[in-house]
Amino acid sequence: MSKTATLEIDGQKYEFPLITGTENEVAIDVKTLRGATGGITTIDPGYKNTGSCESGITFLNGEEGILRYRGYAIEDLAEKADFLEVAYLLIFGELPNKEQLDKFHADIKEESVVDDDIKKILDAFPKAAHPMGVLSSLTSALTAFNPSSVNVDSEEDMYKTVVKIMGKFPVLVAWTMRKKSGLPLNYGDNSLGYVENILKMMFEKPNEEYKQNEILVNALDKLLILHADHEQNCSTSTVRIVGSSHAGLFASLSSGISALWGPLHGGANQAVLEMLEAIKEDGGDTKKFMAKAKDKADPFRLMGFGHRVYKNFDPRAKIIKVAADEVLGDLGIEDPVLDIAKGLASEALSDEYFVKRKLYPNVDFYSGIIYRAMGIPVEMFTVMFALGRLPGWIAQWKEMRARKEPIGRPRQVYIGENYRAFKALDKR
Ligand code: CMC
71 MSKTATLEID GQKYEFPLIT GTENEVAIDV KTLRGATGGI TTIDPGYKNT
121 GSCESGITFL NGEEGILRYR GYAIEDLAEK ADFLEVAYLL IFGELPNKEQ
171 LDKFHADIKE ESVVDDDIKK ILDAFPKAAH PMGVLSSLTS ALTAFNPSSV
221 NVDSEEDMYK TVVKIMGKFP VLVAWTMRKK SGLPLNYGDN SLGYVENILK
271 MMFEKPNEEY KQNEILVNAL DKLLILHADH EQNCSTSTVR IVGSSHAGLF
321 ASLSSGISAL WGPLHGGANQ AVLEMLEAIK EDGGDTKKFM AKAKDKADPF
371 RLMGFGHRVY KNFDPRAKII KVAADEVLGD LGIEDPVLDI AKGLASEALS
421 DEYFVKRKLY PNVDFYSGII YRAMGIPVEM FTVMFALGRL PGWIAQWKEM
471 RARKEPIGRP RQVYIGENYR AFKALDKR
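For the sequence shown, the working numbering begins at 71 and goes up steadily by one.
Set out below in structure tokens:
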């Protein structure tokens with residue numbers, strides 16, 4: 071393959087280098103385009119054809135359904151690693167040895183207390199507030215309580231900041247849920263594993279001892295691993311672009327949480343469950359909702375189907391579908407909503423509209439069913455996604471700063487009014 075791409079505009083030819091990634095992905099490097107052409111730009115709404123960076127964290131091949139973190143297959147990580155090992159892998163580039171993992175966990179525990187005044191901020195939110203808005207605000211507020219900016223060139227400084235947020239974030243997540251359920255704001259137990267501790271913080275009642283359920287611990291561990299990173303998606307790109315202005319890590323994460331909230335992104339897991347419930351309430355006729363999804367005059371979309379990148383299958387959905395069956399089976403739960411989900415999935419997989427557009431169930435089609443079986447309120451589902459995505463966001467922010475990437479600042483093509491003379495108020 072030629073190592074350059076040629077662009078011809080009005081008979082004038084311009085050469086641009088091709089760059090090839092380690093998995094042979096090829097990109098046209100247009101860094102010099104505007105300078106060479108006298109200001110011509112590219113336009114690509116939704117960035118469907120635009121690589122925003124070179125990254126060594128996550129490899130994703132949508133056609134073949136491949137997802138790897140730092141070279142390790144998601145299937146292996148979901149089966150053989152725990153969430154904290156995966157977080158370390160994403161953030162620091164290698165799987166930790168026992169000593170590194172123990173130290174990482176111990177340092178996180180040291181940091182798993184938040185300033186008590188955070189409770190006052192939480193207190194000011196109405197109970198009806200959506201947990202994603204609350205979590206984003208509390209994460210941003212962490213900046214106020216931990217104001218010193220991180221020196222990104224110091225490994226030690228970076229490490230300290232990483233363990234700080236890995237320690238404090240689950241507390242914010244648990245408190246966000248407890249506030250909604252009217253439960254007292256508590257702390258965990260440092261003798262527990264990272265995921266066990268999260269469950270205890272979320273579910274412990276003041277008048278009874280919290281008993282760990284291994285099925286729930288394993289299910290949550292797996293879900294967090296599956297959500298831990300997904301290269302340059304909407305929230306991750308947000309975290310990188312906010313950080314590119316040299317805004318701090320916590321402020322960048324808070325913006326990522328807001329981006330994740332939307333129903334086309336992380337908010338889909340809540341939307342899926344609400345859709346399945348609505349189908350159930352309506353009598354369970356999946357065909358009717360399939361028809362609505364295909365009707366271009368109807369804005370309804372089958373939530374949990376389709377993906378910007380996966381056009382064959384979502385490897386995370388495959389793993390999670392099995393996990394959903396296991397969890398419900400192990401807990402002895404018969405959920406009619408799971409039957410509706412299965413019905414929809416099998417109809418969509420053989421429906422011409424969905425097959426032609428390569429719309430397959432994505433990770434969030436099944437995750438909500440597991441969260442529900444775990445007793446997590448629907449509005450908290452996207453918060454759980456954020457909990458899983460935290461190490462990915464941190465890793466991407468850290469990489470962006472370490473590579474000294476320039477501030478993110480796209481161009482546009484202006485389509486507004488040409489110059490107009492100003493009209494005084496009494497002349498309009
Ligand atoms: N239901 C019905 N039609 C759909 C759906 C759907 N869920 N998704 C896409 N289409 C149609 C769309 O109408 C379009 O049809 P046409 O070519 O006739 O105009 C075609 O498929 C291509 O869709 P698109 O919107 O151009 O594709 P996209 O890559 O911009 O959007 C998506 C990807 C995930 C936003 C979209 O598939 C969607 O809205 N899905 C439902 C929401 C969802 O489940 N989101 C979670 C994604 S996984 C979690 C995460 O990583 O964030």
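By construction, the Cβ of each residue, glycine as well, lies at the ideal position given by its N, Cα and C atoms.
Rounding to the nearest angstrom, what Cα-Cα distance links residue i and residue j in this structure?
| i | j | result |
| --- | --- | --- |
| G121 | A97 | 8 Å |
| L130 | L293 | 18 Å |
| T338 | P476 | The residue asked about is misnamed: residue 338 is Ala in this sequence, not Thr. Taking the straight line joining both Cα atoms gives about 32 Å. |
| S315 | A361 | 45 Å |
| G12 | G81 | Residue 12 lies beyond the range of the chain shown here (71 to 498); nothing can be said about it. |
| L398 | M345 | 20 Å |
| A329 | Q282 | 32 Å |
| M373 | V342 | 5 Å |
| P254 | R481 | 48 Å |
| R471 | S261 | 34 Å |
| L419 | Y430 | 7 Å |
| A106 | E134 | 37 Å |
| P217 | G313 | 16 Å |
| T74 | E93 | 18 Å |
| T356 | A151 | 37 Å |
| I235 | A456 | 13 Å |
| E181 | T112 | 45 Å |
| A199 | G413 | 33 Å |
| G336 | C123 | 22 Å |
| K468 | V222 | 7 Å |
| V243 | K83 | 55 Å |
| P196 | N256 | 19 Å |
| L334 | A394 | 22 Å |
| Y229 | N267 | 21 Å |
| D99 | T308 | 22 Å |
| L495 | I485 | 25 Å |
| K366 | E487 | 32 Å |
| R498 | Y489 | 17 Å |
| E225 | P87 | 33 Å |
| T90 | P447 | 45 Å |
Assuming contact is defined by CB atoms lying nearer than 7 Å, are residue i and residue j in contact in what I supplied?
| i | j | result |
| --- | --- | --- |
| A289 | I144 | no |
| G438 | F451 | yes |
| A321 | T213 | yes |
| G258 | K270 | yes |
| P201 | E449 | yes |
| V233 | D227 | no |
| I285 | D400 | yes |
| E301 | T128 | yes |
| V241 | V184 | yes |
| I311 | G126 | no |
| A465 | I79 | no |
| F215 | L460 | no |
| N432 | H377 | yes |
So residue i and residue j are in contact, right, with Cβ under 8 Å, and what is the actual spacing, rounded?
| i | j | result |
| --- | --- | --- |
| K381 | G116 | The Cβ separation is near 15 Å, so there is no contact. |
| R140 | L159 | 5 Å |
| Y280 | F273 | 6 Å |
| I403 | A443 | 5 Å |
| T67 | L319 | A question about residue 67 goes unanswered here, because the residues of the chain that appear run from 71 up to 498. |
| A415 | F435 | 7 Å |
| I20 | G237 | Residue 20 lies beyond the residue range present for the chain, which begins at 71 and ends at 498; the question has no answer from this structure. |
| P385 | L137 | 5 Å |
| Y423 | K358 | With a Cβ gap of about 15 Å, Y423 and K358 do not count as contacting. |
| V407 | K350 | 6 Å |
What does DSSP give as the partner residue(s) for residue i in the beta ladder?
| i | result |
| --- | --- |
| T76 | E85 |
| T128 | Y139 |
| I188 | Answer by DSSP bridge pairing: none, since I188 is not bridged. |
| T90 | V96 |
| P431 | F375 |
Is there at least one Cβ from chain D nearer than 7 Å to residue i's Cβ?
| i | result |
| --- | --- |
| F162 | You won't find chain D in this structure, because it holds only one protein chain. |
Next on the checklist: When you compare the stretch 204-211 with the stretch 173-193, are there three or more beta-carbon pairs, one atom per stretch, that lie closer than 8 Å?
Outcome noted: Per the Cβ contact rule, the stretch 204-211 is in contact with the stretch 173-193 (3 or more Cβ pairs under 8 Å).
Checklist entry - With contact counted as at least three CB pairs below 8 Å, one residue from each stretch, are the stretch 386-401 and the stretch 291-307 in contact? => result In short, these stretches touch, since the Cβ pair count reaches three.
Next on the checklist: Count Cβ pairs between the stretch 161-172 and the stretch 239-252 that sit closer than 8 Å; are there 3 or more?
Outcome noted: These segments do not touch.
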